[in-house]
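Shown next, in structure tokens, is the structure this report addresses.
2 protein chains.
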Amino acid sequence: MVSQVVAAADEKPQQQLLLSKKAGCNSHGQDSSYFLGWQEYEKNPFDLVSNPSGIIQMGLAENQLSFDLLEDWLEKNPHALGLRQEGNSGASVFRDLALFQDYHGLPAFKNALARFMSEQRGHRVVFEPSNIVLTAGATSANEALMFCLADQGDAFLIPTPYYPGFDRDLKWRTGAEIVPVHCSSADGFRVTRAALDDAYRRAQRQRLRVKGVLITNPSNPLGTTVPRADLEMIVGFVAANKGIHLISDEIYAGTAFSDEFVSALEIVAELDNPTDVSDRVHVVYSLSKDLGLPGFRVGAIYSSNAGVVSAATKMSSFGLVSSQTQYLLAALLGDKEFTKGYVAENKRRIKERHDQLVEGLREMGIGCLGSNAGLFCWVDMGHLMRSRSFAGEMELWKKVVFEVGLNISPGSSCHCREPGWFRVCFANMSAKTLDVAMERLRSFVESSSNVTRRAAAAAAVLPARSISCPLAIKWALRLTPSTADRKAER
Amino acid sequence: MVSQVVAAADEKPQQQLLLSKKAGCNSHGQDSSYFLGWQEYEKNPFDLVSNPSGIIQMGLAENQLSFDLLEDWLEKNPHALGLRQEGNSGASVFRDLALFQDYHGLPAFKNALARFMSEQRGHRVVFEPSNIVLTAGATSANEALMFCLADQGDAFLIPTPYYPGFDRDLKWRTGAEIVPVHCSSADGFRVTRAALDDAYRRAQRQRLRVKGVLITNPSNPLGTTVPRADLEMIVGFVAANKGIHLISDEIYAGTAFSDEFVSALEIVAELDNPTDVSDRVHVVYSLSKDLGLPGFRVGAIYSSNAGVVSAATKMSSFGLVSSQTQYLLAALLGDKEFTKGYVAENKRRIKERHDQLVEGLREMGIGCLGSNAGLFCWVDMGHLMRSRSFAGEMELWKKVVFEVGLNISPGSSCHCREPGWFRVCFANMSAKTLDVAMERLRSFVESSSNVTRRAAAAAAVLPARSISCPLAIKWALRLTPSTADRKAER
């Protein structure tokens, strides 16, 4: 019998030396408050019936809104899960799939995925299946691209706020660096040319070689699509700097519920000389958000650069998509009628839930950045903080998690430079649960207001900035949503 | 529309500069003859009926021998593929699985996998599910372990011949180095203490920090289990060198068709002071060989080292196993009666096919290393080469691929230091196809003998060594297999 031996405490330092620096360091970022909030949730998860006083998970960008559509399709197409051919023969394809480990992927799946990606962009972009590299989720796609484009110590410029997982995905094993492009609420957190230039100069001062810009479009955590003009500016920046790439992470493309989603690839195609830049623009995609299938681990890199496709394909050996899953999704995405209906209905439901959150917040005087995509809102709670500082943000966050019972993500975990912003997810719960969350927050805001009023009366000498919040009010007024299409049963 | 732009040829050097050094270099090893043979096969694949003159793939270590057993089980257990609960309710678990992306894995699957791994070792090793890290195949498991244990430029000692993919899996993205432990036919390619010491000293002379030893047990490409005494010596070597680890890649554990398979973990448990070394021994496992499911991408790291488990678990984000596949395999491996019958019958079939190959080769005067596991034999064809050199090996290999129509793997691609050895796979084809392969080889050997005799008569001045081969004859005589259990229908 092998006994499971836990090393004595005094052996630990020596053990640490035994491992690599990567294993020992925490640049994987998993110890940030973003993940700590999850841990708290897991200790005491809310359930409408069995644990109504538990913590409500609003830190998880899951799309649970359209599973019934997927289940209906599975019911009608049992061959897809059953690993059988469609139609009368129904012959088993189990053997073929069990052995299928070609890292070029199942042709039927790549064709269907290419078409689905094109459909989401109004067929204004045509995706070549041979330019797709399949990966075990976007996490793996982003890391593989960094391995392809950056050497240890090279840098990518990334607009803030950005997805906390990037510190792990892009830096940890590759040794690449992230230089933040500081975006500000005064610009609605849009990426400006001045901010890009500033980040580039900062990288140069740090003697980092800049190898590219990475954007999320639609943005995580902002929930906004990148406007066409901004994309043109970013692509122009990349075009002008011959040594750099653009990674456009478009994993939320199918969640853009109003306005048109514009892909970086469209902007490139419209250039006078697209060949000059087309092999430096790479798109990351995934089915985790648009189809709500993170458990199935399906991601992709799309690139017209033959060198990137070749190297990334070889790297995909480290994270191939299960052939069982490729077969299922080839059938699902190959059903054009289904995908058309799904995409439209899924967007409608996301918008509805988004509006429920935004209106609820507005009623209690909390503003959000105006958003049109994603599974979350970017919420300004600065006026609820005792001071507009990161200490104040952390203090409020702990109250919201431990007292109010809502696990939301503080902006600081997303490297936001302005304290007071929080990412609040709305698509991973029922409308009823969202109501409970809103009600809890309303009580908290009201009690805070009472406390604040008492405190203000007791200490009128405090500077106004620390208790009032003109910025938040501005957002609250500007971003009042339409309530026309709210459903009654929520 | 985005046009798919292929860069003009003269732009390529500049493009290469744009990418990382890793993307540009070929240390992924994919351009070796091992992979080139595959490419030839893919151009003209053999089929008994539709392409009887095509190339027969004998370079692929697939296990196709027991699919009927898996298919029978799937037929009787439709809930597993259908993502439904077992029993009367048959409720769908699709939603839960779609969202399940906990990198700790599905508990039911980890429990079943731990039990299955224990079963393969006669329950002499107990595997703790919490010490298992799931990965998208053993490829990913091995790379993750290197990231955990070695910094850039650190080295692992690996006995030769070794699996050609290790150059990609262990070195490419991690920057780690492999120092070969030269094993020799004179020792039956067993790992000796002298060879380990020699490799260690060579590493020191190259100023490489040795971080461990990696063995495959059963060995790929030898098809042999590592004898208990050798394992004790290797574990002793690791125990004596406090700074190093042992990675024991046991992905062929379930193919050991005669004698008992002994895991490195058993040897550790039997030590006087196992705690001294137990956190430096790590096992890699996979379901690609023992269950024949490479397409499903299921691998695992097993370690008692909390630091390794923690870091590897975080790294597994880059290659998680699809939850759809975890659910299926939790049900399959959770069926104890099934796994017991499967493991026994699968081994019986592997032995039968192994014997068919070894006997066929013996009849034509070709010897193999005596083997008791794996899906391949390690075959000595030195006497068929015009000279016992690597040029001679490559010349023979090309003849065998292009003229004989068999894609086998030359020993040089496995870093074997003695020319003339080839890995020949036998479990990825029907018995009939193996017969065709044997018949082709027999014709080739006969015509070669005629040519050799004529050449010897015409040029009697040639040194005897280049046309005779006492070593091969020695093997051929020593390793004649029993034919008692060959079935008639092959």
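Protein chains in written order, with UniProt numbering: chain A, 1 to 490; chain B, 1 to 490. Positions of the beta carbon are idealized from the N, C-alpha and C atoms, including for glycine. Bear in mind the structure is a predicted one, so any value in this text is a computation, not a measurement.
Short of 6 Å from the beta carbon of A:Phe296, and not among the five residues preceding or following it, lie these beta carbons of its own chain, in chain order: Thr325. Not a single C-beta of chain B is nearer than 7 Å to the C-beta of A:Ala203. B:Asn131 sits buried, since 16 or more C-beta atoms from the chains shown fall within 10 Å of its C-beta. By alpha-carbon distance to A:Asn346, the top candidate from A:Cys25, A:Ser53, A:Pro52, A:Leu65 is A:Leu65. Secondary structure at B:Thr135: strand, using DSSP grouped into helix, strand and coil.
Of A:Gly137, A:Asp96, A:Gln120, A:Tyr342, the smallest CA-CA separation from B:Ser316 is found for A:Gly137. The Cβ atoms of A:Leu157 and A:Val213 sit closer than 7 Å to each other. Contact between B:Leu145 and B:Ile301 is confirmed by a C-beta separation of about 6 Å, below the 8 Å threshold. Judged by DSSP secondary structure, A:His245 falls outside any alpha helix (DSSP H) and instead within the beta strand (DSSP E) spanning 245-249. Think of a sphere of 8 Å around the beta carbon of A:Arg280: the chain B residues whose beta carbon falls inside it are Leu18, in chain order. Within chain B, the residues whose beta carbon sits less than 7 Å from that of A:Gly82 are Leu81, Gly82, listed in sequence order. By the neighbour-count criterion, in which 16 or more other beta carbons inside 10 Å mark a residue as buried, B:Lys289 falls on the buried side.
Runs of beta strand (DSSP E) with 3 or more residues, each lying fully within the segment 401-438 of chain A, are found at 421-425, listed in chain order.
Neighbours of A:Cys368 across chain B, judged by C-beta separation under 8 Å, do not exist; the nearest C-beta is about 25 Å away. In this structure the segment 116-125 of chain A lies against the segment 260-270 of chain A, because at least three pairs of beta carbons, one per stretch, are closer than 8 Å.
At a cut-off of 7 Å between beta-carbon atoms, A:Phe237 makes no contact with chain B.
The Cβ of B:Ser303 sits no closer than 7 Å to any Cβ of chain A.
The C-beta distance from B:Val284 to B:Asp249 rounds to 4 Å, short enough to meet the 8 Å contact threshold. Under a criterion of Cβ atoms nearer than 7 Å, the residues of chain A adjacent to B:Pro294 are, in order, Leu99, Gln101. Residue nearest to A:Pro129 within the set A:Lys21, A:Thr313, A:Gly90, A:Trp172 is A:Thr313 (criterion: CA-CA distance).
By the criterion of at least three beta-carbon pairs nearer than 8 Å, the segment 70-82 of chain A is in contact with the segment 90-110 of chain B. DSSP places A:Phe376 in the uninterrupted beta strand (DSSP E) bounded by 376-380.
The criterion of a C-beta distance shorter than 7 Å is satisfied by A:Glu143 and B:Phe318.
If you look at A:Glu395, you'll find it in the alpha helix (DSSP H) that goes 390-398.
Following the DSSP letters along the chain, one finds B:Leu97 in no beta strand (DSSP E) but inside the alpha helix (DSSP H) bounded by residues 94-99. Nearest Cα to B:Val179 within the set B:Pro164, B:Lys110, B:Phe257, B:Arg202: B:Arg202. When DSSP states are grouped into helix, strand and coil, B:Asp68 belongs to the helix group. Nearest CB-CB separation between B:Phe318 and chain A: below the 7 Å threshold.
Only exposed fits B:Lys21, as fewer than 16 other CB atoms lie within 10 angstroms of its CB. Annotation: A:Gln206 has no Cβ neighbours in chain B at a cutoff of 9 Å; minimum Cβ distance is about 19 Å. Spatial neighbours of B:Asn111 in its own chain (CB-CB distance under 6 Å, excluding positions within 5 residues in sequence) are listed in chain order as Pro129. B:Cys148 belongs to the set of residues whose beta carbon lies under 7 Å from a beta carbon in chain A. A Cβ-Cβ distance of about 7 Å is found for the pair B:Leu320 and B:Gln101, placing them in contact under the 8 Å criterion. Proximity of chain A to B:Thr325 at the Cβ level (cut-off 8 Å) is accounted for by Ser322, Gln324, Thr325, in chain order. Judged by beta-carbon spacing, B:Ala98 lies beyond the 7 Å limit of A:Leu81, meaning their Cβ atoms are not closer than that value.
Residue burial annotation: A:Pro52 is exposed, with fewer than 16 other C-beta atoms found within 10 angstroms of its C-beta.
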